[in-house]
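As structure tokens, the structure follows; a few thoughts come after it.
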Amino acid sequence: MKIQIEKSVKPDAALQVKPRRKLITPKSAPYLFIGPAFLLTLVFTVYPIISSFILSFQEVRGVEKTFVGFANYTRLFHDPIFYKALINTAQILIIQVPIMLFTALLIAVGLHSSMVKAKSFFRISYFMPSITALVAASIVFMILLDERYGLVNYALSFLGLKSIPWLTSPVWAKISVILVMTWRWTGYNMVIFLAGLQNIPGELYEAASMDGAGKIRQFFMITIPQLKPVFIFTVVMSTIGTLQLFDEPFILTNGGPNSATMTITLYLYNVGFKYFEFGYASAIAYVLVIITAIISLIQMKLVGDFKE
Numbered sequence: 239m240k241i242q243i244e245k246s247v248k249p250d251a252a253l254q255v256k257p258r259r260k261l262i263t264p265k266s267a268p269y270l271f272i273g274p275a276f277l278l279t280l281v282f283t284v285y286p287i288i289s290s291f292i293l294s295f296q297e298v299r300g301v302e303k304t305f306v307g308f309a310n311y312t313r314l315f316h317d318p319i320f321y322k323a324l325i326n327t328a329q330i331l332i333i334q335v336p337i338m339l340f341t342a343l344l345i346a347v348g349l350h351s352s353m354v355k356a357k358s359f360f361r362i363s364y365f366m367p368s369i370t371a372l373v374a375a376s377i378v379f380m381i382l383l384d385e386r387y388g389l390v391n392y393a394l395s396f397l398g399l400k401s402i403p404w405l406t407s408p409v410w411a412k413i414s415v416i417l418v419m420t421w422r423w424t425g426y427n428m429v430i431f432l433a434g435l436q437n438i439p440g441e442l443y444e445a446a447s448m449d450g451a452g453k454i455r456q457f458f459m460i461t462i463p464q465l466k467p468v469f470i471f472t473v474v475m476s477t478i479g480t481l482q483l484f485d486e487p488f489i490l491t492n493g494g495p496n497s498a499t500m501t502i503t504l505y506l507y508n509v510g511f512k513y514f515e516f517g518y519a520s521a522i523a524y525v526l527v528i529i530t531a532i533i534s535l536i537q538m539k540l541v542g543d544f545k546e
């Protein structure tokens, strides 16, 4: 009887199969989808940030790394070239960003007007420079602004004007960089302003017209206040972009003449990839991050608060 019971139980036990655990469930699916992006962010963003921060306290000689504490930061604050690059960047920022944003606002207001025809053509035309290859555009400007054979000086000679040393004079070289930056990024900011203008309710202008307000008064009393968040965004982003200015001075003047167009990021590049002082370059990078954060916070307080 015992043997028969055991035989009858064993087949029933063999039929009982444990359910398999599913790898993808409603709870695990989100983590599986964001997992690759999260790992890539850790490897290519978080790790380089932490590694470069540690590197800023080290001195690199070949493959050897020596901890030097705050020596790189102390050297930075006694470096005259760094101060020169900081002043150059500040000058370009103070001059170029207001001119660019003011021009972008005027173009956006003009294209938003109902009197302008072929709006799509003009929008694409103004926006095209921002998606043009920067190296190619800089090379074209370098040819146009050549002191001897450039097309700009050739046109000035027809007007009886003297040739301008666009890329060989410290002052004109800085102006050339500002011109190229303004040409490239005005259309980009114009699109942002245009999007902001399209979100302003038309009823505000109708009510103002009924109250006797003219176009100029409507512009300053309705358009400018309604574009406050757009102004904050464009000012902050343009400031960050200018503080990271590298391509234009690198291609046009290579930081010259006499370091007149040497910017912080160009100096960082020279220190890191020409002189291979990676620890000092990392210190410059983190000082630049702090400067950018401070200036951005100040601008947001001056222009206005996001909550308003």
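Residue numbers for the sequence shown, in the numbering used here: 239 to 546.
Heads up, the beta-carbon is just placed ideally off N, CA and C, and yes, glycines get one too.
In this chain, the alpha helix (DSSP H) harbouring E441 covers 440 to 448. The three-state reading of DSSP puts T406 in coil, since its state is none of H, G, I, E or B. Annotated three-state conformation of T304 is strand, per DSSP. V527 sits in a helix when the DSSP states are folded into three classes. Annotation note: the stretch 355 to 439 contains the following uninterrupted alpha helix (DSSP H) runs of length 4 or greater, listed N- to C-terminal: 357 to 369, 372 to 382, 389 to 396, 408 to 436.
A straight line joining the alpha-carbon of L343 with that of G479 spans about 18 Å. According to the DSSP assignment, E297 belongs to no alpha helix (DSSP H) but to the beta strand (DSSP E) extending over 296 to 299. By the criterion of at least three beta-carbon pairs nearer than 8 Å, the stretch 265 to 285 is not in contact with the stretch 497 to 512.
Taking C-beta separations shorter than 8 Å and ignoring five residues to either side along the sequence, the partners of F484 in its chain run T501, T503, L504, Y507, following chain order. By alpha-carbon distance to V335, the top candidate from Y426, F365, L349 is Y426. The continuous alpha helix (DSSP H) containing T477 extends over residues 466 to 481.
Distance from the CA of N326 to the CA of T499, rounded to the nearest whole angstrom, comes to 6 Å.
The stretch 447 to 456 makes no contact with the stretch 359 to 368, as fewer than three CB pairs between them are under 8 Å. At least 8 Å separates the beta-carbon of V281 from that of Q296.
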